[in-house]
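Shown next, in structure tokens, is the structure this report addresses.
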Amino acid sequence: MKLYLRNGFLEKSEPLVMGILNVTPDSFSDAGRFFSENDALAHAREMVAAGAAIIDVGGESTRPGAARIGLDEEIDRVLPVIAGIKEQTGVLVSIDTSKEEVARLAVDEGGADLVNDISAFSFSERMATVVAELNVPVILMHIKGTPENMQRDPSYADVVTEIKNYFQEKIDYALSHGIKKEKIILDPGIGFGKRLEDNIAIIRNLRQFAAFDLPILIGLSRKSFLGLLAGEEVPEKREAETLAANLLAVRNGAAILRVHDVANTVKALKVWQSLA
């Protein structure tokens, strides 16, 4: 895949591994572990050393039922961490936010390289305009509802078709606001307003999204549907399940894997590619 950046591009034949860095006290898996700046930066360095191509920094939990936080609080959480990662490692950094003010500061002051918007511009009127002005890649994710209500009885007649229609609408919206098509990455939003059968259908039918000719990001790491399939209630103990599902996603066309465990994901991909 070729990832078009603000200046230049990154081209890789293998999938990119994106390491998750939640600078929050309440994320569903690693809540509070990397809330301090020093702990966050140490973990970022570990993930880069393990082979992460991108570090995804988020200051607001998007777990099911999570409430939104204020603008200043989110900025205070993420900005020093992003700047520190860029200074210490030089790795690509994405800012996981749906607030245009956070996105602008993260890129212009922190040095972030991508914007990861779980709402695909739905939570902020000016996010598309800001992304176009910043000229950075943007990840557009499918979500049904908001983190507060997305898992309250979600339903679909045909989840894959609905996501495809959603993506087309969001791509058209992005283009109309000046975002270049090659700067768009699509994320079908595993676990965001989805039932077990919906998540399974998305992974099995991932190749249908190839029609957009855009990179597909999959973020299924440690999610609850994996626990339902394998009988594991503790998110941190779902790494085997995560690896299995991610390898299937790669086989079906995923170009970027957003994960907690970078080291084992990189190793699994090396073995899988050697044997494939």
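The sequence shown begins at 63 in my numbering and counts up one residue at a time. Backbone N, C-alpha and C fix where the C-beta goes; we use that ideal spot for every residue, glycine too.
CB-CB under 7 Å to residue 289, same chain, minus the five flanking residues each way: which ones, in chain order? If the five residues before and after residue 289 are omitted, its C-beta is found closer than 7 Å to the C-beta atoms of 295 and 300, all from its own chain and listed in chain order.
Secondary structure at residue 107, three-state DSSP: helix, strand or coil? DSSP places residue 107 within a helical segment (H, G or I) once states are collapsed to three.
Rounded separation between residue 168 and residue 184 - CA only: Each residue's Cα considered, the two are about 19 Å apart.
My understanding is that residue 245 touches residue 200, with C-beta atoms under 8 Å, so please give their C-beta distance in whole angstroms. Between residue 200 and residue 245 the Cβ distance is about 6 Å, and since that is below 8 Å, they are a contact.
Taking one C-beta from the stretch 164–178 and one from the stretch 215–231 each time, how about it: are there three or more such pairs within less than 8 Å? Touching, no.
Under the three-state DSSP convention, the category residue 320 falls into: It is a strand residue.
Can you name, in chain order, every residue of its own chain whose Cβ lies under 7 Å from the Cβ of residue 73, other than the five neighbours on each side? Correct list, in chain order: 64.
Taking the alpha helix (DSSP H) that residue 308 falls in, what are its first and last residues? Per DSSP, residue 308 belongs to the alpha helix (DSSP H) from 301–313.
Between residue 319 and residue 308, is the Cβ-Cβ spacing less than 8 Å? Cβ atoms of residue 319 and residue 308: closer than 8 Å.
Residue 138 to residue 336 span [Cα, whole Å]: When rounded, the distance between both Cα atoms is 43 Å.
Going by Cα to Cα distance, which pick from 192, 275, 118 and 264 is closest to residue 310? With distances taken between Cα atoms, residue 310 lies closest to 264.
Residues of its chain near residue 268, where Cβ-Cβ distance is below 7 Å and the 5 sequence neighbours each way are ignored: The residues are 278, 311, 314, 315 and 316.
CA-to-CA distance, residue 144 to residue 204, given in whole angstroms: Taking the straight line joining both Cα atoms gives about 25 Å.
Buried or exposed: which applies to residue 275, given that a residue is buried once 16 or more other Cβ atoms fall within 10 Å of its Cβ? Exposed is the call here.
Assigned secondary structure, residue 212 (DSSP; H/G/I helix, E/B strand, else coil): The answer is coil: DSSP assigns residue 212 none of H, G, I, E or B.
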